[in-house]
Every structure is written in structure tokens, then in C-alpha cells.
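First up is the structure itself, then whatever we jot down about it.
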Amino acid sequence: MAKVVTALDAAYHMLKNGEEKALLHCAAGIHRTGICTYTLLRCSGEAKTRKEAMERIKAIRLHTHDGVKDWRINLAEEILIPLLSQKLGIDVPPRELVEIKDPKVLARLKSRERCGARAESKH
Numbered sequence: 001m002a003k004v005v006t007a008l009d010a011a012y013h014m015l016k017n018g019e020e021k022a023l024l025h026c027a028a029g030i031h032r033t034g035i036c037t038y039t040l041l042r043c044s045g046e047a048k049t050r051k052e053a054m055e056r057i058k059a060i061r062l063h064t065h066d067g068v069k070d071w072r073i074n075l076a077e078e079i080l081i082p083l084l085s086q087k088l089g090i091d092v093p094p095r096e097l098v099e100i101k102d103p104k105v106l107a108r109l110k111s112r113e114r115c116g117a118r119a120e121s122k123h
């Protein structure tokens, strides 16, 4: 996670003065691209709300908007945005979480939580 926050911090500072442009893209340009773009939009103040950030992502690339999914945006809200805000020394934007209702996604998230708990107990 530290590498992601460091990269987002560097991107934030490059873009801050408006003299630089950036292209964010992972393998498919959906999941990591969406969560990182969302985080930068929220931390920079370019998008004051979750809805604004998602509308901006939709305007940039519909495929990313449709593929990033709420649970990944919740991860940005819960983890990336607070970490990046702390690194930048800015106020954390108000959290905007949505309830995840898809049973397949919930099962996958619970499975990951259990795996994470097992990995932590080994250390």
C-alpha cells in the first residue's frame, strides 16, 4: 500500500500546479486506474463528492467508470484517501461509503478478510 500512496503523492504534486498532465492506466484501465483516479480527484478537491468523482471518471472513460465498482471505491474512501491526505497534510474529505449488496462480492470480501487475518496471525 505504501508504494501506491507514494505514487499517488508524486502524481498529486505533478498535477497540482496544472502544468503537467498524467495518464493513469493499469493492465485493463479499469480497477486500479479507477481507484487511483478517484483518489486523486477526491484529495485534490477536483471532485467534492463521490458522485462528482464518478461523473468525472465517466466523462474520461466510460469503461473504467462501469468497471471500477462500489467496493473498490469504498476501499479508496476507507484506506487510500485517508493515507494520501495524511501524507499530503490536507484534511480528509468526508467519507462517502455505499452499502455493498451483491452476495458474490460480499463473499469475496469476507474471504479476503479471513485470508488477511490468517496472514497477520502468522507474523
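The letter at position 43 of the sequence shown is residue 43 when you use our numbering, and the numbering goes up by one with no holes.
We treat Cβ as the ideally placed atom computed from N, Cα and C, and that holds for glycine.
Please report how far the alpha carbon of A107 lies from the alpha carbon of L88, in whole angstroms. 34 Å
Could you say which of D70, P94, L40 lies nearest to I100 if we only look at CA atoms? D70
Could you tell me the alpha carbon to alpha carbon distance between T33 and M54, rounded to whole angstroms? 13 Å
Evaluate T6 with the Cβ neighbour count: other Cβ atoms within 10 Å of its Cβ, from every protein chain shown; 16 or more gives buried, anything less gives exposed. exposed
Proximity winner among D9, R72, A47, I81, relative to V105 (alpha-carbon distances): R72
CA nearest to the CA of S44, picked from A59, K110, M14: M14
Quick check on V98: does DSSP put it in helix, strand or coil? coil
Would you mind sorting N74 into buried or exposed? The rule is 16 or more other CB atoms within 10 Å of its CB. By the neighbour-count criterion, in which 16 or more other beta carbons inside 10 Å mark a residue as buried, N74 falls on the buried side.
Could you name each continuous beta strand (DSSP E) segment of 3 residues or more that falls completely within the segment 33 to 96, going from the start of the chain to the end? none
First and last residue of the alpha helix (DSSP H) that includes M14? 2 to 16
Output needed for I60: all residues of its chain with C-beta closer than 8 Å, excluding positions within five of it in sequence on either side, in chain order. T37
Going by DSSP in three states, L24 sits in which element: helix, strand or coil? If DSSP states are grouped into helix, strand and coil, L24 belongs with coil.
CB-CB under 6 Å to L80, same chain, minus the five flanking residues each way: which ones, in chain order? Same-chain partners within the cutoff: T39.
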